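Protein chains in written order, with the UniProt record's numbering: chain Y, 1 to 323; chain W, 1 to 413.
Ideal Cβ positions, reconstructed from N, Cα and C, are used throughout, including at glycine.
For clarity, every value in this text was computed on a predicted model and none was experimentally measured.
To start, the structure itself, in structure tokens.
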Amino acid sequence: MNLFTAVNDAMRVALRTDETAIVFGEDVAFGGVFRCSHNLREEFGADRVFNTPLSENGIAGFAVGYAATGGTAIGEIQFADYIFPAFDQIVNELAKFRYRSGNQWNAGGVTLRAPCGAVGHGGHYHSQSPEAYLAHTPGIRVVMPRGPKAAKGLLLASIRSRDPVVFLEPKALYRAAVEDVPVGDYEIELGKAEILRPGEDVTVVGWGGQLRVLAKACALAAELGIDCELIDLQSILPWDFETVAASVSKTGKLVVSHEAPITCGFGAEVAATVADRCFWNLEAPIKRVCGYDTPFPLIYEKYYIPDELKNLEAIKTVVEAAK
Amino acid sequence: MLHSVSLTASRLIAARTLSLSKAAAKTSSLFRSFSTSDGTFDLTGCFQTHNLDSAPSESVTATKQELVDIFELMYTMRRMEITCDNEYKARNIRGFCHLYDGQEAVATGILNAFEPEDSWITSYRCHCIALARGGSVRQVVGELFGVIDGMSRGKGGSMHFYNKKHNFFGGQGIVGAQVPVGAGLAFANKYNAKPGEKMNVAIACYGDGAANQGQIWESANMSALWKLPMIFCIENNHYGMGTSIDRHSSISDYYKMGNSIPGLRIDGMNVLAVREGMRFAKEFCGSGNGPMYVEMMTYRYHGHSMSDPGTTYRNREEIAFTRSTRDPLEFVKKCLLDNEFIDEAEIKSTEKRIRKSVQEEVMKAKESTSPPLDELTKHIFATSLEPQCDSEYPPHIRMPNYEKSFWANGHRN
Ligand SMILES: Cc1ncc(C[n+]2csc(CCOP(=O)(O)OP(=O)(O)O)c2C)c(N)n1
Ligand SMILES: [Mg+2]
Numbered sequence: 001m002n003l004f005t006a007v008n009d010a011m012r013v014a015l016r017t018d019e020t021a022i023v024f025g026e027d028v029a030f031g032g033v034f035r036c037s038h039n040l041r042e043e044f045g046a047d048r049v050f051n052t053p054l055s056e057n058g059i060a061g062f063a064v065g066y067a068a069t070g071g072t073a074i075g076e077i078q079f080a081d082y083i084f085p086a087f088d089q090i091v092n093e094l095a096k097f098r099y100r101s102g103n104q105w106n107a108g109g110v111t112l113r114a115p116c117g118a119v120g121h122g123g124h125y126h127s128q129s130p131e132a133y134l135a136h137t138p139g140i141r142v143v144m145p146r147g148p149k150a151a152k153g154l155l156l157a158s159i160r161s162r163d164p165v166v167f168l169e170p171k172a173l174y175r176a177a178v179e180d181v182p183v184g185d186y187e188i189e190l191g192k193a194e195i196l197r198p199g200e201d202v203t204v205v206g207w208g209g210q211l212r213v214l215a216k217a218c219a220l221a222a223e224l225g226i227d228c229e230l231i232d233l234q235s236i237l238p239w240d241f242e243t244v245a246a247s248v249s250k251t252g253k254l255v256v257s258h259e260a261p262i263t264c265g266f267g268a269e270v271a272a273t274v275a276d277r278c279f280w281n282l283e284a285p286i287k288r289v290c291g292y293d294t295p296f297p298l299i300y301e302k303y304y305i306p307d308e309l310k311n312l313e314a315i316k317t318v319v320e321a322a323k
Numbered sequence: 001m002l003h004s005v006s007l008t009a010s011r012l013i014a015a016r017t018l019s020l021s022k023a024a025a026k027t028s029s030l031f032r033s034f035s036t037s038d039g040t041f042d043l044t045g046c047f048q049t050h051n052l053d054s055a056p057s058e059s060v061t062a063t064k065q066e067l068v069d070i071f072e073l074m075y076t077m078r079r080m081e082i083t084c085d086n087e088y089k090a091r092n093i094r095g096f097c098h099l100y101d102g103q104e105a106v107a108t109g110i111l112n113a114f115e116p117e118d119s120w121i122t123s124y125r126c127h128c129i130a131l132a133r134g135g136s137v138r139q140v141v142g143e144l145f146g147v148i149d150g151m152s153r154g155k156g157g158s159m160h161f162y163n164k165k166h167n168f169f170g171g172q173g174i175v176g177a178q179v180p181v182g183a184g185l186a187f188a189n190k191y192n193a194k195p196g197e198k199m200n201v202a203i204a205c206y207g208d209g210a211a212n213q214g215q216i217w218e219s220a221n222m223s224a225l226w227k228l229p230m231i232f233c234i235e236n237n238h239y240g241m242g243t244s245i246d247r248h249s250s251i252s253d254y255y256k257m258g259n260s261i262p263g264l265r266i267d268g269m270n271v272l273a274v275r276e277g278m279r280f281a282k283e284f285c286g287s288g289n290g291p292m293y294v295e296m297m298t299y300r301y302h303g304h305s306m307s308d309p310g311t312t313y314r315n316r317e318e319i320a321f322t323r324s325t326r327d328p329l330e331f332v333k334k335c336l337l338d339n340e341f342i343d344e345a346e347i348k349s350t351e352k353r354i355r356k357s358v359q360e361e362v363m364k365a366k367e368s369t370s371p372p373l374d375e376l377t378k379h380i381f382a383t384s385l386e387p388q389c390d391s392e393y394p395p396h397i398r399m400p401n402y403e404k405s406f407w408a409n410g411h412r413n
């Protein structure tokens, strides 16, 4: 299965096991731009899988209302770049409903899916990764899978979670990433990181599509005799500090990497927390390998993205510094 | 299920087409030629109004030269878009690319009703408006190729054309975002108007899908409240990506969507109707009567973007039917021929000349070069933060040096 079929499969399971579940968004009834909702309307009917007008703030607010009555709302924002028109509903309504009503109401049934990240030629408005903006919002969960298998388990957990979730799907992997995915119903716990490659020398942290890049960087480092421990955060908010801290305490070094611009990217949060909590175990300054502080560029995307060579450079630098 | 969707949509368009093409047919039979350089054209049935005491004139004149210029511009647009399609398929253009063929009469009619001082802003479907507002084929196609001679230095791409000299505020990637900005442009035009003189107007073009974005209602209220010279121009091509209007909008009379704001629906395939209607709208808005909603009944021949074949949510017959009964270029040709302004042979040679010149411009665009690497970090802030020494990144770009990391390890992928 590839990533979009895994997402499709997760929604199929959700629709089958939860009769209140509905799937909606722009062009979703026809399968959506990336085919994630392919055939769902045929299988579950037009009253459960339907198109919305081109109204992102409306989509998010509508989801909040439906979920407040106990329903499971699975909304699609066509591209993560279009989450910004819906930002008001997400930040001010979705995230705060439980808190401000003293736990009388909540929008826990909401999952908003959105494709994110670079694809090679997406330009300014089809490439962004908005996880850090979202992570500044207590009350929502932010999740980003690294591949098909994780996507299915994390999406099912997100849909069933009693907290609202923004689920960001690395769109470059929709077709590119192929894995064996269990056909049944399974969940991956939210808020938990996963160690993908144990190692002793450097802790390398990332999430979503960046894991592919980091796996390559770790392999290149291994050729140079550097043993990296690679961690996939999976959940950006709340995030699994314990797993990261345990690793950094062992290796004494941290490289954190993401595609979004470096300043106030989520890597800053990881670095600040590690500096605070693991200071006495650190052997070298923490390195962040991220996008530049430019709008996501149409030209020179290859230079912009924090590829495996930039990451390798950072891994080598922290190892040198610790000598 | 899908089949019946496109059927309803096509019936809908067919119904409208009938009434509109009847008008077009009349145009050709009823015109009278006053002289060799002037024609009168009947626009009966081309307009519908809402909340208006007056309406655009249903009988208009156009000179031979005007019509020839219109034809040349529209034919250039058509050739340019077809060339883009080919270049995209040849992988010389990458990324997102939305074509305008079918809708040429809208941009051309507006151009011919407006002054260069009027402000114009639109969506991502902006190649042809860029061409109309001071651009050349070479600059437009160059931008698509991503070269430094492109209209936005190769940094914008298909969705982002601008022309400061021509008051063209460009294409926006976010659906609907241009409309509140348009209200701001309209306010500026009102604010800067000379006492006693007509105001310049602002026009924001957007699609039938965009028409239901919340920010458009907010701008409508502001524009009406402050009586801004603002034209809300909905290019109704019947689909927002793959969703037809009857599936995404509770109201399909877009020209009435401003509620209390006056509205005008125009046959957007008839360039003379667009010009006359927009003259009327400009006069109305420029005289201090506040904003106007204008709906252009038009059609896009290509799919939404290059990844959309455009045939899954509508059928080929619908496209072919529109092409054969409502094509905006055929209409202009007919006007030229019926009025004996020019003959078939002249049209053929004009078309040939334009095809050749588009081709040459595309070749020239291809000869240009990519923008230099420092363009990546240029134009983010007003004050130049570019480095003194070009081997270093500006101070706000905190990253390891790519070149260094690229070569230092001898790795190359
Ligand atoms: C806020 C936002 N949501 C979604 C999109 C994706 N998108 C791009 S164009 C489009 C359809 C717009 O249709 P319409 O307004 O009718 O204009 P047309 O393409 O027909 O010219 C959509 C959904 C976007 N660019 N911005
Ligand atoms: Mg449309």
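- Counted as a single uninterrupted DSSP element, the beta strand (DSSP E) harbouring isoleucine 22 of chain Y occupies residues 21-25.
- In this model, threonine 52 of chain Y and serine 37 of chain Y are separated by some 14 Å (Cα to Cα).
- Distance from asparagine 237 of chain W to tyrosine 299 of chain W at the Cβ level is roughly 5 Å; contact confirmed, criterion being Cβ atoms closer than 8 Å.
- No residue range can be given for aspartate 53 of chain W, since it is assigned to no beta strand (DSSP E) and is classified by DSSP as neither H nor E.
- Taking each of W:Glu66, W:Lys352, W:Arg125, W:Ile174 in turn and checking the Cα distance to glutamine 103 of chain W, the smallest one comes out for W:Arg125.
- In this structure, the straight-line span from the alpha carbon of glycine 225 of chain Y to that of cysteine 218 of chain Y is close to 10 Å.
- Pairing isoleucine 231 of chain Y with arginine 113 of chain Y, the inter-Cα distance amounts to about 23 Å.
- Using a Cβ-Cβ cut-off of 8 Å, valine 175 of chain W is close to Leu54, Tyr82 of chain Y, given in chain order.
- Ordered along the chain, residues surrounding ligand 2 are W:Gly207, W:Asp208, W:Gly209, W:Asn237, W:Tyr239, W:Gly240 [Cβ under 6 Å from any heavy atom].
- Taking a cut-off of 8 Å on C-beta distances, the segment 204-216 of chain W touches the segment 170-187 of chain W, as three or more cross pairs fall below it.
- Against chain Y, the beta carbon of phenylalanine 96 of chain W has neighbours under 9 Å at His121, Gly122, Gly123, Tyr125, His126, listed in chain order.
- If you check each beta-carbon in the segment 236-253 of chain W against every beta-carbon of chain Y, the ones closer than 8 Å belong to Gly240, Met241, Gly242, Thr243, Arg247, His248, Ser249.
- Between ligand 1 and proline 85 of chain Y, a heavy atom-to-CB distance of less than 7 Å is present.
- Judged by their CB atoms, tyrosine 304 of chain Y and leucine 376 of chain W are nearer to each other than the 8 Å cut-off.
- If you look at tryptophan 217 of chain W, you'll find it in the alpha helix (DSSP H) that goes 214-225.
- Rounded to the nearest whole angstrom, the C-alpha separation of arginine 48 of chain Y and threonine 350 of chain W is 55 Å.
- Measuring C-alpha to C-alpha distances from aspartate 246 of chain W to each of W:Lys378, W:Arg314, W:Ser136 identifies W:Arg314 as the nearest.
- With respect to chain W, the C-beta atom of glutamate 131 of chain Y has no partner C-beta closer than 8 Å.
- Contact residues of the segment 369-385 of chain W toward chain Y are Ser370, Pro371, Leu373, Glu375, Leu376, Thr377, Ile380 (C-beta to C-beta distance below 8 Å).
- Close CB contacts of glycine 206 of chain Y within its chain, under the 6 Å cut and outside five residues either way in sequence, are with Leu214, Ser257 (chain order).
- Taking a C-beta distance under 8 Å as the contact criterion, valine 91 of chain Y and threonine 137 of chain Y qualify as a contact pair.
- The beta-carbon of tyrosine 300 of chain Y is placed less than 8 Å from the nearest beta-carbon of chain W.
- Among the CB atoms of chain Y, none fall inside 8 Å of the CB of lysine 256 of chain W.
- Close to aspartate 27 of chain Y, with beta-carbon spacing below 7 Å, are these residues of chain W in chain order: Met241, Gly242, Thr243.
- Counting C-beta atoms within 10 angstroms of its own C-beta, isoleucine 251 of chain W has fewer than 16 neighbours from the protein chains shown and is therefore classed as exposed.
- Annotation note: the segment 204-240 of chain Y contains the following uninterrupted beta strand (DSSP E) runs of length 3 or greater, listed N- to C-terminal: 228-232, 235-237.
- Rounded to the nearest whole angstrom, the C-alpha separation of valine 274 of chain Y and alanine 245 of chain Y is 7 Å.
- For phenylalanine 30 of chain Y, the nearest CB of chain W lies under 8 Å from its own CB, placing it at the interface with that chain.
- Glycine 214 of chain W reaches chain Y at Ser55, Asn57, Gly58, Pro85, counting residues in chain order whose Cβ is nearer than 8 Å.
- Taking every protein chain shown into account, the CB of methionine 363 of chain W has fewer than 16 other CB atoms within 10 angstroms, so this residue is exposed.
- At a beta-carbon threshold of 8 Å, the residues of chain W lying near threonine 294 of chain Y are Leu376, Thr377, Ile380, Ile397, ordered along the chain.
- Judged by DSSP in its simplified three-state form, serine 129 of chain Y adopts coil rather than helix or strand.
- Taken in chain order, the whole beta strand (DSSP E) runs of length 3 or more contained in the segment 140-200 of chain Y are 141-143, 165-170, 194-197.
- Distance between arginine 326 of chain W and alanine 157 of chain Y, taken at the CA atoms: about 52 Å.
- At the C-beta level, glycine 139 of chain Y and arginine 98 of chain Y come within 8 Å of one another.
- Annotation: the segment 234-293 of chain W contains the following complete segments of the alpha helix (DSSP H) (minimum length 4 residues), in chain order: 245-248, 271-286.
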